[in-house]
Every structure is written in C-alpha cells, then in structure tokens.
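Visitor:
Residue numbers (the numbering used here), protein chains in the order written: chain A, 10 to 249; chain B, 10 to 249.
#1: Please name the residue in B:95, B:141 and B:122 whose C-alpha comes closest to that of residue 103 (chain B).
#2: Could you check whether the stretch 129-137 of chain B touches the stretch 176-184 of chain B, counting it as contact only if at least three pairs of C-beta atoms, one from each stretch, sit closer than 8 Å?
#3: Rounded C-beta distance between residue 157 (chain B) and residue 138 (chain B)? I'm assuming under 8 Å.
#4: Anyone know if the C-beta pair for residue 13 (chain B) and residue 160 (chain B) falls short of 8 Å?
#5: Use the C-beta contact count for residue 10 (chain B): other C-beta atoms within 10 angstroms, 16 or more gives buried, fewer gives exposed.
#6: Can you give the beta carbon distance from residue 214 (chain A) to residue 234 (chain A), rounded, assuming they're within the 8 Å contact cut?
#7: What in chain A is Cβ-close to residue 190 (chain B), meaning under 7 Å?
#8: Looking only at DSSP bridge pairs, what is residue 214 (chain B) linked to?
#9: Are three or more beta carbon pairs between the stretch 88-103 of chain B and the stretch 42-60 of chain B nearer than 8 Å?
#10: Within 10 Å of its beta-carbon, does residue 101 (chain B) have 16 or more other beta-carbons around it, so buried, or fewer, so exposed?
#11: Specify the secondary structure class of residue 250 (chain B) as computed by DSSP and reduced to three states.
#12: Hey, is residue 249 (chain B)'s beta-carbon within less than 8 Å of any beta-carbon in chain A?
#13: By the 7 Å beta-carbon criterion, what residues does the stretch 111-137 of chain A contribute toward chain B?
#14: Would you report the Cα separation of residue 145 (chain B) and residue 230 (chain B), rounded to the nearest angstrom?
#15: Strictly under 8 Å for the Cβ-Cβ distance: is residue 105 (chain A) near chain B by that measure?
#16: Let me make sure I understand the geometry here. Which of B:29, B:174, B:62 and B:56 has the alpha-carbon closest to that of residue 44 (chain B)?
#17: Check each residue of the stretch 159-193 of chain A: if its Cβ is closer than 7 Å to any Cβ of chain B, include it; give the result in chain order.
#18: Please compile the residues from chain A whose C-beta is within a distance smaller than 8 Å of the C-beta of residue 155 (chain B).
#19: Using the beta-carbon count (16 or more within 10 Å), is residue 23 (chain A) buried or exposed?
#20: In three-state DSSP terms, what is residue 137 (chain B)?
#21: Are the C-beta atoms of residue 77 (chain B) and some chain A residue less than 8 Å apart?
#22: Can you have a look at residue 19 (chain A) and say buried or exposed, based on whether 16 or more other CB atoms are within 10 angstroms of its CB?
#23: If we count the other Cβ atoms within 10 Å of its Cβ and call it buried at 16 or more, is residue 232 (chain B) buried or exposed?
#24: Looking only at its own chain, which residues have a Cβ that is under 6 Å from the Cβ of residue 205 (chain B), when we skip the five neighbours before and after it?
#25: Give me the Cα-Cα distance between residue 248 (chain A) and residue 228 (chain A), rounded to the nearest whole angstrom.
#26: Please report whether the beta-carbon of residue 232 (chain B) lies at a distance below 8 Å from any beta-carbon of chain A.
#27: With distance defined between alpha-carbon atoms, name the residue in A:57, A:92 and A:244 nearest to residue 80 (chain A).
#28: Quick one: residues in its chain with C-beta nearer than 7 Å to the C-beta of residue 149 (chain A), no 5 flanking neighbours on either side, listed in chain order?
#29: So what does DSSP say about residue 161 (chain B), is it helix, strand or coil?
#30: Closer than 8 Å by C-beta to residue 120 (chain A): which residues in its own chain qualify, once you throw out the five before and the five after it? Chain order, please.
#31: Compile a chain-ordered list of the residues in the stretch 16-40 of chain B whose CB is closer than 7 Å to at least one CB of chain A.
#32: Does DSSP put residue 156 (chain B) in a helix, in a strand, or in coil?
#33: Name the chain B residues whose beta carbon is nearer than 8 Å to that of residue 51 (chain A)?
#34: By Cβ distance, which residues of its chain are closer than 8 Å to residue 74 (chain A), with the 5 residues on each side in sequence left out?
In structure tokens, the structure reads:
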C-alpha cells in the first residue's frame, strides 16, 4: 500500500531541523532500519554529503540510519532495495533536473507505488504532485520537464504564505501567482502552510497538522480546508 | 545606438501604474509617436487586449499611442517597423514562452540592438538579462529555453527584496536563492529594488533611481552599488 508523508517544510520557526515532525516520523518509519536519502535539492548549495550528514544526525535520534542516494553508482538498484525514502527540500528545479538526468524518476515512482514509505519536505514534497509548476523556487537550472511523480490528484505549493496586509512590496502574492497558473492549467493546487503535512495511505489522502490549507481550483474562489480533510475527493482525473 | 530603460517594477507603493517613472518615459520616448506594446506576460491573467488598454490609458497622458504586438499577424514586421517598444511585467515564464513560440526573440534583440528604444518593467526587464534564471515568478508554463535577450552583462532579479528580520516564514530569502544560483552558474546577478531602474545608452549601463542595488558575484559576498554606478564594468564576458 502506497504510504507517503508530505510536509510543507522541514523546519518551523523556533524549532530545529525536522524537530516538529520527528514524532510523526518515528511512527511513519516504524520497522525501517535505514532510509535512502535523496539530497539533490541542495538547500543553500550544501553538497550532497553535507546534506546527508545533516539528515543523518537527526534520524540517528530515532535510531534510523541514513544512506545518501548519491553514493550509489546504480541508483535504480538502490531505490529498489530501499526500506524507506526521504527527499529533502532545497531548490525544486535542481532536484527535478537531477532526477531526470540520473533517469530515476520512474523508478522512484514505482517503488513508492509498491509501498516503500516516502517522506518529503518542501521541494521533496513538491515532486509528489503532478507537476512542479507551483514551486516557489528560482529557476536556477533548466530541467528537461516540469512533470513530477503524480502521487496526488493536485499540485502543491509548499510554504504557502498568506498575503501580508502591511506589505508595501509590489511583487505578486502567492495567491496571485496560483491564480495566474489557473489561466493556463486545470490542475488543482493546494497551498500547504508551514507546519501542515499530507498523509497518503493507499487511496486515502488526508490533511494533517494544526493549520488549514488553501485549495485553488480553476475558475473558482479558493477555499480553506480544515486539518483532517479528505483530499482524495479533490476532483482531477490524472492518469500516471 | 542601443537605448534601454529597464525598471524593477511598473508600480511603486502608493502610486498608480507607471506613475513614478512617467517623467523618465517622457524623455526616453521623446520623438516617438507610437510604441509597440508586448503584452505577453499577462499579469493577474489579464488578456492581451485588457493589458494593452491599461498601458494605452497611461501613455495617452504623455501623448504616445500604443499598439499591441498581439494584433499583428506578422509580429516580425511589426517589430521591424516599431518606433519604440515596451514589454510589460507579469509572469516571466509566460512571456518567454510566447516570445519563443512566436519566434520573435531574435527580431526583438536585433531591432533594439539597432537603436529602437526599449522600455521594460519586471518580467519585461528580466528578459534583458542573459537568462531568465533569476525571476521570482512561478513556473506556470514550460518555455523551450531560459535564454533571453542578453543586453546586459549580468542577470536581473527585479523586485529585489531584503530579508525581513522579523519574518517567521522559513522559505528561502531572495539572497539565499541567488546564492544557490551561483552554485550552478557564473553569470552575475543584480538585485534591483522597486523604484530603481537601469539606463542603457550604447555601451554605457547606469544604475538610476534613489535606491542602491545589490550585486551578487559567484563566490563573493554581495555588494551594494550606489545609484549612478557604472554597471558596464561588471565583469562577465557574454557573446550574444
């Protein structure tokens, strides 16, 4: 059974890296001895080794070992043997570009479809949607496609940010950007606030955490969804 | 002689559309009867007609007529006959995609190189850099390339925003994003704050407006440049 934990962010304000979600991870990865870490999004330009070490030091506190996918000369085999997978945040363009370049997107999809638990934060969550077209990231590399894993019947906007009524900045708000997206695309978009996550268990997709999420549908006013909402009912027919 | 006015934003807080830059435009487009407007960036999903009308109403106050490029069945001929060009802001991905789709990027570059005055705001400014890789926009369409006009010896980050020391949001700051860019690319990036613009006159490139701009060079700490700075000395050899 497909099993994913898809978090808006790795870090919430005032807490350390992954701290807020660690109790969930303990349950989510129960029985998993070692997870395979996908370090390709490289936040702040961290090297793959530096990023893997950072993740390793946190997972060691819940007695889970961490292997970096970049170490394997045959990443497809590594994915097929994985007990659990974590894709960390950073730059979504860089992440998606690497997944295509290393030709591992399809294998990653297959193994997760078959039941290997997948945890993602930020960019690592973004790629669980149908496309990466609602990322907030800067296009610092040019990936061969924006199509991603498609585990959800919608796209994600992680780190969703409400408009600041006191801002004097004239750049577009997040809501404006997503509405512009719907001038060109039909795929629903879920704005996932920091501290929220999505639990996928088979066909069941549930909003988790304390906050509401904001759902954008083409041609409709956005709506707020309560934590606990069943997201599998968001209507979009997508065949992967 | 090449002549461009490259503005960070169309609108500054508390003023109406183009109001702050209108005195400059009057001088910049002196002798120009009609400008050709490139409406393809479609801010807030405005139609090409709606966007052109919005621009027309402002330029009428300085007695300049506005033609929408989207009206021409032969946009290449229209560009070649233009007395002046304005590319408005909106979504840079949408703009660049349209320029490629309509096969007009090269002609646009040629006519501006030959001396047709070019005014850009936001996305319309972004494309005067070497690539669009430092846009803030959401990748809502997939353009065939990120390469742009290359009139500058650097890339632009319009609407440059300083980190907010009071923010509790964990998304990347603009500075972090640009530094990540320099993990993968050598092209210098100028963070152009709202209210700043760049004047290009032949080989002379000058920072204008009241504010400083922030220059990011690969492997170096960013520096603040005063208004009036000569930007042509930014070292990057780029052959278009």
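Glycine is no exception: its CB is placed at the ideal position from the N, C-alpha and C atoms.
Guide: The answer reads as follows:
#1: The residue from B:95, B:141 and B:122 with its alpha-carbon nearest to that of residue 103 (chain B) is B:141.
#2: no
#3: 6 Å
#4: yes
#5: exposed
#6: Not quite, the Cβ-Cβ distance comes to about 11 Å (not below 8 Å), so this is no contact.
#7: 147 and 149
#8: B:209
#9: yes
#10: Residue 101 (chain B) is buried by the Cβ-count criterion.
#11: The requested residue 250 (chain B) does not occur in the structure, where chain B is confined to residues 10 to 249.
#12: Caution applies to residue 249 (chain B), whose pLDDT of 46 falls short of 50 and renders its modelled position unreliable; the value that the coordinates give is listed next. Not one chain A Cβ lies under 8 Å of residue 249 (chain B).
#13: none
#14: 21 Å
#15: Answer no: the Cβ-Cβ gap between residue 105 (chain A) and chain B never drops below 8 Å.
#16: B:62
#17: 168, 170, 177, 178, 179, 180, 185, 186, 188, 189, 190, 192 and 193
#18: 148 and 151
#19: exposed
#20: coil
#21: no
#22: It is buried - the Cβ of residue 19 (chain A) has at least 16 other Cβ atoms within 10 Å.
#23: So residue 232 (chain B) counts as exposed.
#24: So the list reads 17, 218, 220 and 222, once near-sequence residues are dropped.
#25: With a pLDDT of 49 at residue 248 (chain A), under the threshold of 50, the predicted position of this residue should be treated as unreliable, and no value is reported.
#26: no
#27: A:57
#28: Cβ within range, chain order: 100, 102 and 103.
#29: coil
#30: Around residue 120 (chain A): 88, 89, 91 and 94.
#31: 18, 20, 21 and 22
#32: When DSSP states are grouped into helix, strand and coil, residue 156 (chain B) belongs to the strand group.
#33: 189 and 192
#34: 42, 43, 44, 65 and 68
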